[in-house]
Amino acid sequence: MPENKGSFVSIEPAGGLIITAVKKAEDGKAMIVRFYETLGKNVIAKLAVKFPVKSAYDTDLLEGLLYRNKLTVEGDRIEIRVKPYEIKTIRIELSSGVIAQ
């Protein structure tokens, strides 16, 4: 699938991962990305963000941090590991520190 030039986030390779939500975190200090795995496979992929990333964490559906599980970030890419059929929510803190209203 060709990269969508207008997207804030994308998954490389997409495989069976589907992004279902991109929104500002409830506390207004980060971005939330939610996605799920559709093919029943373990997946290791990169979540590409159009902005410089400071840090990223796994969260629950209510945006609570899970065991302070910090994800590996390289520039604007975040390594994600997803189990079969898992719904995943990631909190992304941008280097700029501010999420626009």
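All you need for the numbering used here is the position in the sequence shown, starting with 1, plus 1023. Cβ coordinates follow ideal geometry from the N, Cα and C atoms, glycine included.
Taking the CB atoms as reference points, tell me whether V1032 and E1060 lie closer together than 9 angstroms.
-> Position 9 of the sequence shown, counting from 1, holds the residue named residue 1032. Position 37 of the sequence shown, counting from 1, holds the residue named residue 1060. Contact flag unset, no.
For the region 1090 to 1099 and the region 1039 to 1049, state whether three or more C-beta atom pairs, one from each stretch, are separated by less than 8 angstroms.
-> no
Following the continuous beta strand (DSSP E) through K1073, name the residue where it begins and the one where it ends.
-> To locate residue 1073, count along the sequence shown from 1; it is residue 50. First-last for K1073: undefined, no H or E at that position.
Between which two residues does the beta strand (DSSP E) carrying T1043 extend?
-> The count along the sequence shown starts at 1 and reaches residue 1043 at position 20. Here the beta strand (DSSP E) through T1043 covers L1040 to K1047.
Going straight from the alpha carbon of S1078 to that of P1107, what length do you get?
-> Position 55 of the sequence shown, counted from the first residue, corresponds to residue 1078. Position 84 of the sequence shown, counted from the first residue, corresponds to residue 1107. Approximately 25 angstroms, taken between the alpha carbons.
Could you check the C-alpha separation between G1051 and E1102 for me, to the nearest Å?
-> Mapped onto the sequence shown, residue 1051 falls at position 28. Mapped onto the sequence shown, residue 1102 falls at position 79. Whole-angstrom Cα-Cα distance: 23 angstroms.
Between I1113 and V1056, is the Cβ-Cβ spacing less than 9 angstroms?
-> On the sequence shown, residue 1113 is found 90 positions in, with the first residue counted as 1. On the sequence shown, residue 1056 is found 33 positions in, with the first residue counted as 1. For I1113 and V1056, yes; Cβs fall inside 9 angstroms.
Please report how far the alpha carbon of A1068 lies from the alpha carbon of G1039, in whole angstroms.
-> By 1-based counting over the sequence shown, the position of residue 1068 is 45. By 1-based counting over the sequence shown, the position of residue 1039 is 16. Rounded to whole angstroms, A1068 to G1039 spans 11 angstroms at the Cα level.
Do you know how far the Cα of A1048 is from the Cα of L1085?
-> Residue mapping note: residue 1085 aligns to position 62 of the sequence shown, counting from 1. Residue mapping note: residue 1048 aligns to position 25 of the sequence shown, counting from 1. Cα to Cα, the separation comes out at about 10 angstroms.
Measure how close the beta-carbons of A1071 and E1116 come, nearest whole angstrom, since I'm counting them as under 8 angstroms.
-> The residue labelled residue 1071 in the question sits at position 48 within the sequence shown. The residue labelled residue 1116 in the question sits at position 93 within the sequence shown. Wrong, their Cβ atoms sit about 16 angstroms apart, outside the cutoff.
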